[in-house]
Amino acid sequence: MTLTDQQCQLLAKLMKWQAAEPARATVNSEAAFVKNKLEVLGEVALAKFYWSWFCAGCKPGVFPTDIEVLQKALNEIDAGASMPTWGMFGT
4 MTLTDQQCQL LAKLMKWQAA EPARATVNSE AAFVKNKLEV LGEVALAKFY WSWFCAGCKP
64 GVFPTDIEVL QKALNEIDAG ASMPTWGMFG T
């Protein structure tokens, strides 16, 4: 997929928004929320491309460097999430 500047700007804006107000869900990554926001905005192809990149390990060179940096920030938020104690019982 060839990305336009507008698509990269939109993705960066949504990633910044997610980083500023993380969901901190224990069952989903912050990237999933970014993907969902892209889909809601009608950017289904971009959402699929972003999600594929994320699931493949965020290989460098696919997106501009600023997107890679933002993704690292979202990954750090994910790393800090933990299952609440009530969620560990009876599973």
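Numbering (this note's numbering), first residue to last: 4 to 94. Ideal placement from N, C-alpha and C gives every residue a C-beta, glycine not left out.
**OP:** Return the CA-CA distance between GLU71 and LEU41, expressed in angstroms with no decimal places.
**Re:** If you take the alpha carbons of GLU71 and LEU41, they lie about 17 Å apart.
Original post:
Cβ atoms of ALA22 and ALA76: under 8 Å apart, would you say?
Top reply: Yes, the Cβ-Cβ distance between ALA76 and ALA22 is below 8 Å.
**OP:** Under 8 Å Cβ to Cβ from GLY83, same chain only, skipping five residues before and after it: list those, please.
**Re:** ARG27
Subject >> Residue closest to PHE36, alpha-carbon to alpha-carbon, out of MET18, GLU46, LEU49 and ALA59 >> reply: MET18
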